[in-house]
Every structure is written in C-alpha cells, then in structure tokens.
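*Asks:*
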Amino acid sequence: MTLKSLIFCRAQMERLARVNRYGQTGNEVDLNPNIASRNKGDRKKPKRKFLQ
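46 is the number that UniProt numbering gives to position 46 of the sequence shown; each next residue is one higher, with no gaps.
Structure, rendered in structure tokens:
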C-alpha cells in the first residue's frame, strides 16, 4: 500500500466512526465538530426599534 492509500483509508475510517456516532446520538456535532464552536458563544439581544 502506498502512503496516499493509507491516508485515504484512515480518513474513511474516521468518517465512518463519525457517521456511526451520529446514528446513535442524532447530534449533528458528531458529523461536524465546527458546529459546536459556532454555537458556543453568548448571543447579544437584538436592539429594539421604535417608530419615531
């Protein structure tokens, strides 16, 4: 096996592990870890707009 094929196999194994974990939990963060950091911060309350 070449190095390129080993890297490909490793990536596929990681992907399958994520899909299996998603199947058990149903949590989208298992598929994409960036979603967890995107939703981590505090939210600002929107400013109220008054008619003048």
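Cβ atoms here follow ideal geometry from the backbone N, Cα and C, with glycine treated the same way.
#1: Is it the case that the CB of Arg38 approaches a heavy atom of the ligand ADP more closely than 7 Å?
#2: Rounding to the nearest angstrom, what Cα-Cα distance links Ser5 and Ala11 in this structure?
#3: Mind listing, in chain order, the continuous alpha helix (DSSP H) runs of no fewer than 4 residues lying wholly within the UniProt region "Disordered" (23-52)?
#4: Using the Cα positions of Leu31 and Pro46, report the straight-line distance between them to the nearest angstrom.
#5: Look up Met1 in the DSSP assignment and say whether it is helix, strand or coil.
*Replies:* The structure says:
#1: With respect to small molecules bound, the structure shown includes none, and the ligand ADP cannot be examined in it.
#2: Within the sequence shown, the letter at position 5 stands for residue 5. Within the sequence shown, the letter at position 11 stands for residue 11. Ser5 and Ala11 have their C-alpha atoms spaced approximately 10 Å apart.
#3: Fully enclosed alpha helix (DSSP H) runs of 4 or longer: 34-38.
#4: Here residue 31 refers to the residue found at position 31 of the sequence shown. Here residue 46 refers to the residue found at position 46 of the sequence shown. Those two C-alpha atoms are separated by around 30 Å.
#5: Reading the sequence shown from its first residue, position 1 is the one you call residue 1. Reduced to three states, the DSSP call for Met1 is coil.
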